[in-house]
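**Q** Starting off with a structure, shown below.
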Amino acid sequence: MQTQITKPGPVLREDGSPVAGYSTQELLRYDRKAIRAKPWRIKEWDYYQVSDSRYCLQMTYGHASYVGQVSILLFDFRKGEVLAKKSRLIPLPFGSMKLPASASRDSAVEYNKNKVFLRFEKQGTKRHLLCRWEDFQADVTLSPLIPHAMVINVPFPGNPRQFYYNHKINGMEALGTISWGQEKHTLVWGEQEPAYGLLDWGRGVWPFSNEWFWSSGSGMAEGSLLGFNLGCGFGDTSKATENIFFYEGKAHKLEEVVISHQKDWMAPWRLIDREGRCDLTMTPLYDRTTRDKALFVNNCCHQVFGLFNGTLVLDDGSSLLVEDLPAFAEHAVNNW
């Protein structure tokens, strides 16, 4: 079921249809000019998340063509408390936000208007995140700890020119400072309180209505770094899924994973696959619910943070025990 992309090439064929498959590094070339779709259907975003066992910072720079967004959100997911929340909408940006065509090559995006400054810069192996927004400031540097990523390119059912090209990196070491009001938090790296960075880099042409499940986490398991990315709903995954985990520097690919929850969002969530290689339960701590309505956009997402317990089976058949690893799982329903 898994089509692995092993050679460089374009994201889209000459007829505008995507080259479907996955890889653990960026091989395909994204070219916005090659997209054969109406301009207002194109979506592009850079999303970073920085978290330790208590605090989580999320920073977004992206657009759905007819509306763009610059935003930050800082919260304490153990207390269930939002500490800083700021967002600015950009009406009708279309291509003016100039998001980079690659997640792995050196690049920078910057927003600097009306006393709001946000900058994402990649230089070599480092990613530098900067923000100054009223009484909020962040200065964070991310460095890779895992030599692989989850890169996937898939179509959407019903339209051969709709696609999702996605590059996700987790397990990055995070160092820096975050301050809000009179408070300040220092991100450190060590055995006691490690902070991790996550990148969700997305480009594509989406249908107006869509529903997805996504889970991502980084932490220690049996003495070594574990990173995982699990999801469904991001297009037609018959050729490849984005389900994968990384352990001791190796990538372990999974097929279909089902993420399920009850009507009570704070009841335990289950994440299982059909091959018996993923069996995880999340005990929720905090439901970060977002509802966005602007112009044509009507989105709702329950991103639930909690502690993950269970087992993952490595490619060699050995079982990995996951114990109280802080991470999230989300369920999103979007009209955008």
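Residue numbering for the sequence shown follows our numbering, starting at 25 and increasing by one per position.
Cβ coordinates follow ideal geometry from the N, Cα and C atoms, glycine included.
Please read all numbers here as calculations on a predicted model, not as lab measurements.
#1: Please report the distance separating the alpha-carbon of Gly300 from that of Asp224.
#2: Please classify Ser343 as buried or exposed, where buried requires at least 16 neighbouring CB atoms within 10 angstroms.
#3: Considering only residues of the stretch 121-202, which uninterrupted beta strand (DSSP E) runs meet the minimum length of 3 residues and lie entirely inside it, listed in chain order?
#4: For Gly205, I'd like the list of residues in its chain whose CB is within less than 6 Å of its CB, leaving aside the five on either flank, ordered along the chain.
#5: Taking DSSP's pairing of strands, which residues face Arg315 in a bridge?
#6: Leaving out the 5 sequence neighbours to the left and right, which residues in its chain are closer than 6 Å to Arg312 when beta-carbon positions are compared?
#7: Quick check on the DSSP output: the beta strand (DSSP E) that includes Gly243 runs from which residue to which?
#8: Taking C-alpha atoms, which residue in Gly45, Met83, Ile59 and Ile29 lies nearest to Leu222?
#9: How many whole angstroms separate the CB atoms of Val178 and Ala264, which I take to be in contact at a CB cut-off of 8 Å?
#10: Could you check what DSSP says for Ala58 in three-state terms: helix, strand or coil?
#11: Which value, in whole angstroms, describes the spacing of the CA atoms of Ala108 and Tyr79?
#12: What is the DSSP secondary structure of Pro292, counted as helix, strand or coil?
#13: Do you know offhand how far Thr165's Cα is from Trp289's?
#14: Would you call Phe118 buried or exposed, if buried means 16 or more other Cβ atoms sit within 10 Å of its Cβ?
#15: In the DSSP assignment, find the beta strand (DSSP E) that holds Val346 and state where it starts and stops.
#16: Pick helix, strand or coil for Trp64, following the three-state DSSP scheme.
#17: Give the secondary structure of Pro308 by DSSP, where H, G and I count as helix, E and B as strand, and everything else as coil.
#18: Would you list the one or two residues that DSSP bridges to Gly92?
#19: Counting only beta-carbon separations shorter than 8 Å, does Val164 have a partner in chain C?
#20: Could you compute how far the alpha carbon of Met174 sits from the alpha carbon of Ser128?
#21: Pick helix, strand or coil for Pro218, following the three-state DSSP scheme.
#22: Tell me whether the beta-carbon of Val133 lies closer than 8 Å to the beta-carbon of Asp70.
#23: Determine the direct distance from the alpha carbon of Tyr188 to that of Gly259, and round the result to whole angstroms.
#24: Starting from His285 and walking both ways along the beta strand (DSSP E), at which residues does that stretch end?
#25: For Arg53, write down the residues that DSSP places opposite it in a beta bridge.
#26: What three-state label does DSSP hand Gln73 in the structure shown?
#27: Under the rule that 16 or more other beta-carbon atoms within 10 Å means buried, what is Pro171, buried or exposed?
#28: Given a cut-off of 8 Å on the beta-carbon distance, is the pair Pro115 and Asn183 in contact?
#29: Distance check for Met244 and Gly228, CA to CA, integer angstroms please.
#30: Name the two residues that bound the continuous beta strand (DSSP E) containing Asn253.
#31: How about the stretch 332-340 and the stretch 301-309: do they share at least three Cβ pairs that are nearer than 8 Å?
#32: If you follow the beta strand (DSSP E) that Ser47 is in, where does it begin and where does it stop?
**A** The answer reads as follows:
#1: As a first step, residue 300 is located in the sequence shown; it is residue number 276 there, counting from the start. As a first step, residue 224 is located in the sequence shown; it is residue number 200 there, counting from the start. If you take the alpha carbons of Gly300 and Asp224, they lie about 27 Å apart.
#2: Reading the sequence shown from its first residue, position 319 is the one you call residue 343. Answer is exposed; the Cβ neighbour count stays below 16.
#3: Those beta strand (DSSP E) runs which fall completely within the stretch 121-202 and span 3+ residues are 131-137, 140-147, 150-157, 160-168 and 174-180.
#4: By one-based count along the sequence shown, residue 205 stands at place 181. Cβ within range, chain order: Asp159.
#5: Within the sequence shown, residue 315 is the residue found at index 291, counting from 1. Answer by DSSP bridge pairing, in chain order: Cys324.
#6: Taking the sequence shown and counting its residues from 1, the one referred to as residue 312 is at position 288. Within the same chain, Arg312 has close Cβ partners Gln327.
#7: Stepping through the sequence shown from its first residue, residue 243 is reached at position 219. Its beta strand (DSSP E) spans residues Ser233 to Ala245.
#8: For the purposes of this step, residue 222 is taken as the residue at position 198 of the sequence shown. Minimum Cα distance to Leu222 is reached at Met83.
#9: Position 154 of the sequence shown, counting from 1, holds the residue named residue 178. Position 240 of the sequence shown, counting from 1, holds the residue named residue 264. That pair is a contact at about 7 Å.
#10: Taking the sequence shown and counting its residues from 1, the one referred to as residue 58 is at position 34. Looking at Ala58 - three-state DSSP - the assignment turns out to be helix.
#11: Here residue 108 refers to the residue found at position 84 of the sequence shown. Here residue 79 refers to the residue found at position 55 of the sequence shown. Cα to Cα, Ala108 sits roughly 11 Å from Tyr79.
#12: Indexing the sequence shown from 1 puts residue 292 at position 268. Pro292 sits in coil when the DSSP states are folded into three classes, being neither helix nor strand.
#13: Here residue 165 is taken as the residue at index 141 of the sequence shown, counted from 1. Here residue 289 is taken as the residue at index 265 of the sequence shown, counted from 1. Using only the alpha carbons, I get a separation of about 33 Å.
#14: By 1-based counting over the sequence shown, the position of residue 118 is 94. That one is exposed.
#15: To locate residue 346, count along the sequence shown from 1; it is residue 322. From DSSP, the beta strand (DSSP E) with Val346 extends over Ser343 to Asn359.
#16: Along the sequence shown, one-based indexing puts residue 64 at 40. Of the three classes helix, strand and coil, the one that applies to Trp64 here is helix, per DSSP.
#17: Position 284 of the sequence shown, counting from 1, holds the residue named residue 308. If DSSP states are grouped into helix, strand and coil, Pro308 belongs with the strands.
#18: As a first step, residue 92 must be located in the sequence shown, where it is residue number 68. Answer is His87 and Ile114, bridged to Gly92.
#19: This model lacks chain C altogether, as it is built from one protein chain only.
#20: For the purposes of this step, residue 174 is identified with residue 150 of the sequence shown, where counting begins at 1. For the purposes of this step, residue 128 is identified with residue 104 of the sequence shown, where counting begins at 1. Whole-angstrom Cα-Cα distance: 12 Å.
#21: Residue numbering aside, residue 218 sits at position 194 when the sequence shown is read from its first letter. Of the three classes helix, strand and coil, the one that applies to Pro218 here is strand, per DSSP.
#22: Here residue 133 is taken as the residue at index 109 of the sequence shown, counted from 1. Here residue 70 is taken as the residue at index 46 of the sequence shown, counted from 1. In contact: Val133 and Asp70 (Cβ atoms closer than 8 Å).
#23: In the sequence shown, counting from the first residue as 1, residue 259 sits at position 235. In the sequence shown, counting from the first residue as 1, residue 188 sits at position 164. Cα to Cα, the separation comes out at about 7 Å.
#24: Within the sequence shown, numbered from 1, the residue matching residue 285 stands at position 261. His285 -> no beta strand (DSSP E), and no H or E assigned at all.
#25: Taking the first residue of the sequence shown as 1, we reach residue 53 at position 29. In DSSP, Arg53 forms a bridge with Pro34.
#26: Here the question's residue 73 lines up with position 49 in the sequence shown. Three-state DSSP puts Gln73 in a strand.
#27: Looking up residue 171 in the sequence shown gives position 147. So Pro171 counts as exposed.
#28: Residue 115 sits at position 91 when you count from the first residue of the sequence shown. Residue 183 sits at position 159 when you count from the first residue of the sequence shown. Cβ distance not < 8 Å, so Pro115 and Asn183 don't count as in contact.
#29: For the purposes of this step, residue 228 is taken as the residue at position 204 of the sequence shown. For the purposes of this step, residue 244 is taken as the residue at position 220 of the sequence shown. Met244 has its alpha-carbon roughly 33 Å from the corresponding atom of Gly228.
#30: Residue numbering aside, residue 253 sits at position 229 when the sequence shown is read from its first letter. Residues Ser248 to Cys256.
#31: Counting Cβ pairs under 8 Å, three or more are found: they touch.
#32: Taking the sequence shown and counting its residues from 1, one reaches residue 47 at position 23. Gly45 to Ser47 is the span of the beta strand (DSSP E), which, as asked, contains Ser47.
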